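Student: Counting in the numbering used here, the final residue of the sequence shown is number 166, and the numbers go up one at a time with none missing.
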Amino acid sequence: MAYFGGVLYLLACLLLGSLGVQGDESSYKEVCNKTGDYYYYCIDCFEKHQNNDLDYGGISINCTTDSALVVEKSVLEFSKNSTGKFQEAMNFCVEKVDAAAAHFAASLRCWREQRKEDTIEYIQYGRNNFTDCVYKLSPFNISVGFIRQLAAVTSYVQISIIIVSL
Numbered sequence: 001m002a003y004f005g006g007v008l009y010l011l012a013c014l015l016l017g018s019l020g021v022q023g024d025e026s027s028y029k030e031v032c033n034k035t036g037d038y039y040y041y042c043i044d045c046f047e048k049h050q051n052n053d054l055d056y057g058g059i060s061i062n063c064t065t066d067s068a069l070v071v072e073k074s075v076l077e078f079s080k081n082s083t084g085k086f087q088e089a090m091n092f093c094v095e096k097v098d099a100a101a102a103h104f105a106a107s108l109r110c111w112r113e114q115r116k117e118d119t120i121e122y123i124q125y126g127r128n129n130f131t132d133c134v135y136k137l138s139p140f141n142i143s144v145g146f147i148r149q150l151a152a153v154t155s156y157v158q159i160s161i162i163i164v165s166l
């Protein structure tokens with residue numbers, strides 16, 4: 001009987017390893033330790049999504065998508081209320097951030113289908129679109145609050161890549 005329990009435990013560990021880890025607060029803090037400089041963003045992400053049915057990879061992708069949608073809302077607002085070159089940059093960013101959010105959503109679908117490589121690829125596509133927007137905005141003075149939103153997306157992208165790669 002003890003042997004059977006050991007086999008079940010081993011199978012459970014293998015299954016959780018391939019599907020993403022789920023667990024209590026101490027285990028998500030262990031996962032966040034692996035994100036290095038992004039530890040506090042990671043903790044914030046998991047605390048916001050504690051009651052979520054997703055595993056850690058799915059939760060991190062959700063945080064990335066959510067933060068991209070916040071930036072998308074800001075970009076839409078800025079594009080309506082600006083003029084000249086800044087408005088051109090914002091219109092460019094509307095397209096890029098929208099594409100990034102779509103890629104992040106696609107990565108979550110891939111993650112749910114246990115397609116790890118495709119998940120990482122879609123996250124990277126999203127990151128590339130998002131980075132195009134950030135570079136387009138670099139010559140302009142933008143608010144500290146908006147810079148924080150941009151930094152959050154960048155951090156959540158890195159967290160997602162790290163956690164999904166585990």
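Quick reminder that beta carbons are idealized off the backbone N, C-alpha and C, glycines included. Only a predicted model underlies this, so the values are computations on that prediction, with no experimental measurement involved.
Could you tell me the distance, in whole angstroms, from the CA atom of Val-97 to the CA atom of Cys-45?
Tutor: Here residue 97 refers to the residue found at position 97 when the sequence shown is read from its first residue. Here residue 45 refers to the residue found at position 45 when the sequence shown is read from its first residue. Cα-Cα distance, rounded: 20 Å.
Student: Rounded to the nearest angstrom, what separates Val-144 and Leu-137 at their Cα positions?
Tutor: Sequence index remark: in the sequence shown, residue 144 carries index 144 (1-based). Sequence index remark: in the sequence shown, residue 137 carries index 137 (1-based). Going by the C-alpha atoms only, they are around 13 Å apart.
Student: For Gln-87, which residues in the same chain have their Cβ closer than 7 Å to its Cβ, ignoring the five residues on either side in sequence?
Tutor: As a position in the sequence shown, residue 87 is number 87, starting the count at 1. Non-local beta-carbon contacts of Gln-87 in its own chain, meaning distances under 7 Å to residues more than five positions away in sequence, involve Ser-79 in chain order.
Student: Give a yes or no on whether the C-beta atoms belonging to Val-153 and Phe-130 are separated by under 8 Å.
Tutor: Working through the sequence shown from its first residue, we reach residue 153 at position 153. Working through the sequence shown from its first residue, we reach residue 130 at position 130. In contact: Val-153 and Phe-130 (Cβ atoms closer than 8 Å).
Student: Please classify Leu-166: is it buried, with 16 or more other beta-carbons within 10 angstroms of its beta-carbon, or exposed?
Tutor: As a first step, residue 166 must be located in the sequence shown, where it is residue number 166. Exposed: under 16 other Cβ atoms inside 10 Å.
Student: Does DSSP put Asn-141 in a helix, a strand or coil?
Tutor: One-based indexing of the sequence shown puts residue 141 at position 141. In this structure, Asn-141 counts as coil in the three-state DSSP scheme.
Student: For Leu-76, which residues of its own chain have a beta-carbon under 7 Å away from its beta-carbon, when the five flanking residues on both sides are left out?
Tutor: Counted from its first residue, the sequence shown places residue 76 at position 76. Cβ-Cβ distances below 7 Å link Leu-76 to Val-94 in the same chain, with the five nearest sequence neighbours on each side left out; the list follows chain order.
Student: Would Tyr-135 be called buried (16 or more neighbouring beta carbons within 10 Å of its own) or exposed?
Tutor: Position 135 of the sequence shown holds residue 135. Exposed, because fewer than 16 other Cβ atoms sit within 10 Å of the Cβ of Tyr-135.
Student: Please classify Gly-23 as buried or exposed, where buried requires at least 16 other C-beta atoms within 10 Å of its C-beta.
Tutor: Counted from its first residue, the sequence shown places residue 23 at position 23. For Gly-23, the pLDDT reaches just 47, beneath the cut-off of 50, and the residue's location in the model is therefore unreliable, although a value from the coordinates is still provided. Taking all protein chains shown into account, Gly-23 has fewer than 16 neighbouring C-beta atoms within 10 Å of its C-beta and is therefore exposed.
Student: On the CB-based measure, 16 or more other CB atoms within 10 Å of its CB, does Tyr-40 come out buried or exposed?
Tutor: By one-based count along the sequence shown, residue 40 stands at place 40. Tyr-40 should be labelled exposed.
Student: Quick one, which of Ile-147, Cys-32, Asn-91, Gln-114 has its alpha-carbon nearest Ser-60's?
Tutor: In the sequence shown, counting from the first residue as 1, residue 60 sits at position 60. Of Ile-147, Cys-32, Asn-91, Gln-114, the residue nearest in Cα terms is Cys-32.
Student: For the alpha helix (DSSP H) containing Gln-87, name the first residue and the last one.
Tutor: By one-based count along the sequence shown, residue 87 stands at place 87. Run containing Gln-87: 84–112, per the alpha helix (DSSP H) assignment.
Student: Any C-beta of chain B sitting closer than 8 Å to the C-beta of Ala-102?
Tutor: Of the protein chains in the structure, only one exists, and it is not chain B.
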